[in-house]
Amino acid sequence: MLNFANEKCVNCRLCEEVCSFRLTNSVYPDVAAIRIGREEGRWGTPYAMVCNLCDGLEEQKCITACPEEALSLGNGIIVWDEEKCTLCELCVDACPQKGVAYDSRSERIYTCDLCGGEPLCIEWCPEEAITL
96 MLNFANEKCV
106 NCRLCEEVCS
116 FRLTNSVYPD
126 VAAIRIGREE
136 GRWGTPYAMV
146 CNLCDGLEEQ
156 KCITACPEEA
166 LSLGNGIIVW
176 DEEKCTLCEL
186 CVDACPQKGV
196 AYDSRSERIY
206 TCDLCGGEPL
216 CIEWCPEEAI
226 TL
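Add 95 to the 1-based position in the sequence shown for the numbering used here, that's all there is to it.
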């Protein structure tokens, strides 16, 4: 699970760009598995919107919301099963962290998979605001 240090973030959003590029082969931050928001509008403190596994609750809301059981928990990440998914987007709506994204261009659901163990958002963050 990713950890985010709000006080270090300068809102460059490079994490969104590298994440979306890895997932879609294009810079399309709307489907990045990590997104940066700001409290209190434009000048507020930045915060990350990324899957935090529902803060350690027994059930993850995206998994519970999926009527087709297309999402599961495996090795500390949410795993999407393309064959089971009907693209109803209930998982997207259920995630309080906005850690589940739907890409209408590719008709896919995206969640943070920690880049297979070497998260690019951590590697590329110039302020070291993201850690494992």
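Don't be surprised by glycine CBs; every beta carbon is placed ideally from N, CA and C.
Computed from a predicted model, the values in this text were never measured in an experiment.
- Around the CB of residue 139, fewer than 16 other CB atoms lie within 10 Å, so the residue is classed as exposed.
- Straight-line measurement puts the Cα of residue 191 at about 8 angstroms from the Cα of residue 149.
- Straight-line spacing of the CA atoms in residue 115 and residue 127 works out to 4 angstroms.
- Beta-carbon to beta-carbon, residue 202 and residue 179 are separated by about 14 angstroms, too far to satisfy the 8 angstroms threshold.
- Annotation: the continuous alpha helix (DSSP H) that includes residue 187 extends over 185-189.
- Residue 215 holds the alpha-carbon nearest to the alpha-carbon of residue 117 among 215, 98, 225, 187.
- By the CB criterion at 9 angstroms, residue 209 and residue 197 fall outside the cutoff.
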